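S.K.: Numbering (my numbering), first residue to last: 57 to 603. Next up is a structure, given as structure tokens.
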Ligand code: F6P
């Protein structure tokens with residue numbers, strides 16, 4: 057190794073070589089055999105926490121593997137790192153600040169300066185929600201607010217959007233929440249077509265209050281209100297903001313009394329528990345918002361106190377690292393078998409990929425190992441008729457997280473049972489697969505000739521031995537969803553600790569933002585930088601020709 061060769065995780069962790077050996081032994085093992093040999097496997101490789109049940113038995117794990125993974129966690133000082141996060145240590149070392157999203161869901165009396173700020177903001181939110189729900193807060197024609205439009209993007213959109221949708225049965229219907237994120241005017245247009253300016257309130261949600269998309273949409277919404285009869289003097293009745301930059305929100309023209317604070321120590325993708333959750337509180341009520349916080353707090357307690365071998369987020373992180381660093385997995389699928397959770401994979405994409413998509417370690421040294429995985433997915437059972445084909449027979453190693461609920465809140469219990477069966481059967485099929493012999497016998501039993509069976513059987517072979525977790529929620533309540541989101545937040549943090557990277561910055565998105573501004577200026581001025589590449593020049597020429 058030369059002086060400049062970046063260190064690999066193998067150089068940091070003594071147990072790495074043990075895990076490499078374990079990986080070799082798993083070459084000869086099948087998951088199906090593991091189940092056949094040990095009827096207690098599911099009971100042994102499962103655990104419950106904060107109302108969630110995790111079955112991780114359909115993974116390439118046995119006691120030896122789990123011991124080695126637990127040793128990795130010990131060597132990485134994972135328990136200490138979880139405590140450091142919760143105690144407000146400076147875990148975001150590039151921006152020199154803590155990541156105290158767990159303080160946003162404190163319970164009981166505030167016990168720190170941060171928790172006091174949170175308590176004050178929660179009280180402000182509660183008053184505001186009550187004003188809107190009671191009709192005391194009126195629009196420019198004196199009537200109540202019935203539509204709320206959240207204008208924000210990334211963490212200022214995905215969390216509240218996902219939660220409001222996931223908890224549809226808990227919506228109180230006192231106001232209808234809409235979300236506009238994309239700078240594409242079609243997004244704003246689609247929402248504005250559905251609402252009446254006199255009874256619509258806009259929430260401008262932006263931690264920085266400088267995000268291009270959000271400011272452009274907020275300006276356009278303001279113009280729409282003025283064009284549709286709202287007097288300038290009444291604009292304050294239709295705009296509130298959530299931001300850590302109160303000064304910028306005031307400069308934009310939002311009344312200071314209408315600005316809900318957030319703080320540097322809340323990362324955008326971890327912010328739905330702050331006033332960024334205002335659309336949640338407005339749509340579901342403050343009690344449900346607090347129940348969501350309580351569920352997350354229960355998971356925080358579990359993450360802080362459970363030993364590694366029984367710690368759900370730590371285990372999930374170790375299992376993911378096992379596949380990404382020892383099995384060559386490049387992606388992970390998250391498949392919620394719940395129609396209302398269809399935004400969950402999208403939410404997780406920001407949480408996980410913005411946190412773990414890094415090219416350097418915390419100390420600034422190049423990351424010599426793989427970064428975080430590509431997260432993708434969609435609601436079950438729709439995916440079964442589309443990309444599951446690749447999960448079953450494609451060549452990629454794609455670990456899957458199935459998420460399912462035991463009960464539903466709709467009036468079609470038979471369909472809920474069928475949905476549950478779909479979920480369980482997918483993990484079973486991925487694990488057990490179908491051999492050539494089974495495929496051939498199946499064809500013969502269907503009356504196919506032996507020659508035709510020989511021809512078709514190879515196409516019907518399913519390799520199996522494909523890993524998955526199944527997360528089971530009794531009922532998709534605010535508490536359960538809070539616990540589920542917090543579970544993934546902690547999982548991502550645990551992975552960052554194991555991988556030695558900072559989960560709380562996102563410098564990678566900056567260059568695109570800078571170039572976007574320069575390119576927009578060039579489109580306005582008609583003078584692109586002559587040093588720009590020919591592809592960019594030609595694309596700009598084509599746009600100018602048409603616009
Ligand atoms: O561009 C990335 C990002 O900074 C995210 O991290 C953040 O959630 C999103 O943009 C929105 O930022 P803001 O809340 O400051 O508008």
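Note that beta-carbon positions come from the ideal geometry of N, C-alpha and C, so glycine has one too. Values in this document were obtained by computation on a predicted structure and should not be read as measured data.
1) At 4 residues or longer, what runs of the alpha helix (DSSP H) sit wholly inside the segment 426 to 489?
2) Can residue 488 and residue 88 be called in contact, C-beta distance under 8 Å?
3) Do the segment 392 to 409 and the segment 208 to 222 meet, that is, are 3 or more Cβ pairs less than 8 Å apart?
4) Contact between the segment 158 to 178 and the segment 220 to 231 is defined here as three or more beta-carbon pairs at a separation below 8 Å; is this criterion met?
5) I'd like to know whether the C-beta atoms of residue 127 and residue 71 end up nearer to each other than 8 Å.
6) Between which two residues does the beta strand (DSSP E) carrying residue 179 extend?
7) Rounded to a whole number of angstroms, what is the C-alpha to C-alpha distance between residue 484 and residue 477?
8) Is residue 263 near ligand 1, judged by its Cβ being under 7 Å from some heavy atom?
9) Please list the segments of the alpha helix (DSSP H) lying wholly inside the segment 309 to 372, counting only runs of 4 or more residues, in order along the chain.
10) Going by alpha carbons, who is nearest to residue 109 out of 559, 531, 565?
11) Give, in chain order, every unbroken run of the beta strand (DSSP E) that is at least 3 residues long and sits entirely within the segment 71 to 147.
12) Please return the same chain residues whose Cβ sits closer than 6 Å to the Cβ of residue 144, not counting the five positions on each side in sequence.
13) Determine the burial state of residue 380: buried for a count of at least 16 other Cβ atoms within 10 Å of its Cβ, exposed for fewer.
14) Do residue 496 and residue 513 have their beta-carbon atoms positioned less than 8 Å apart in this structure?
15) Could you work out which residue in 294, 328, 265 is closest to residue 279 when comparing CA atoms only?
16) For residue 576, does the three-state DSSP call read helix, strand or coil?
17) At what residues does the beta strand (DSSP E) containing residue 525 begin and finish?
18) Tell me the rounded alpha-carbon separation between residue 174 and residue 566.
19) Just reading off the beta strand (DSSP E) that residue 234 is part of, what are its end residues?
20) Rank 137, 237, 260, 159 by C-alpha distance to the C-alpha of residue 320 and give the top, closest one.
21) Could you check the C-alpha separation between residue 282 and residue 253 for me, to the nearest Å?
22) Which of the three DSSP states is assigned to residue 262 in this structure?
23) With DSSP as the reference, label residue 392 as helix, strand or coil.
24) Do you know offhand how far residue 97's Cα is from residue 533's?
25) Taking the alpha-carbon positions, what's the residue 141 to residue 545 distance?
26) Quick one: give me the first and last residue of the alpha helix (DSSP H) that residue 295 is part of.
27) Mapping the DSSP letters down to three states, classify residue 209 as helix, strand or coil.
28) Taking C-beta to C-beta, are residue 355 and residue 543 nearer than 8 Å?
29) Comparing alpha-carbon positions, which option in 360, 526, 421 lies nearest residue 15?
30) Note down the Cα distance separating residue 310 from residue 171, rounded to an integer number of angstroms.
31) What does DSSP give as the partner residues of residue 257 in its beta bridges?
32) Whole-angstrom Cβ separation of residue 554 and residue 377, contact assumed at under 8 Å?
33) Does the Cβ of residue 325 have 16 or more other Cβ atoms within 10 Å, making it buried, or fewer, making it exposed?
34) Does the distance between the C-beta of residue 177 and the nearest non-hydrogen atom of ligand 1 fall short of 7 Å?
35) Nearest-angstrom Cα distance between residue 236 and residue 247?
36) Thinking C-beta only, is residue 315 closer than 8 Å to residue 215?
M.R.: Reading off the structure:
1) Fully contained in the segment 426 to 489 are the following alpha helix (DSSP H) runs of length 4 or more, in chain order: 444 to 449, 469 to 488.
2) yes
3) yes
4) no
5) yes
6) No beta strand (DSSP E) holds residue 179; the alpha helix (DSSP H) holding it covers 169 to 190.
7) 10 Å
8) yes
9) 334 to 340, 342 to 361
10) The alpha carbon of residue 109 has as its nearest neighbour, out of 559, 531, 565, the alpha carbon of 531.
11) 102 to 105, 108 to 111
12) 154, 156
13) buried
14) Residue 496 sits close to residue 513, with the two beta carbons spaced by under 8 Å.
15) 294
16) DSSP places residue 576 in the helix class (H, G or I) of the three-state scheme.
17) 524 to 529
18) 29 Å
19) 232 to 236
20) 159
21) 9 Å
22) coil
23) strand
24) 29 Å
25) 11 Å
26) From DSSP, residue 295 is part of no alpha helix (DSSP H) but of the beta strand (DSSP E) over 295 to 299.
27) coil
28) The Cβ atoms of residue 355 and residue 543 sit closer than 8 Å to each other.
29) Because residue 15 is not part of the residues shown, which for the chain are 57 to 603, the question remains open.
30) 26 Å
31) According to the DSSP secondary-structure assignment, residue 257 is paired through a beta bridge with 204.
32) 5 Å
33) buried
34) no
35) 8 Å
36) no
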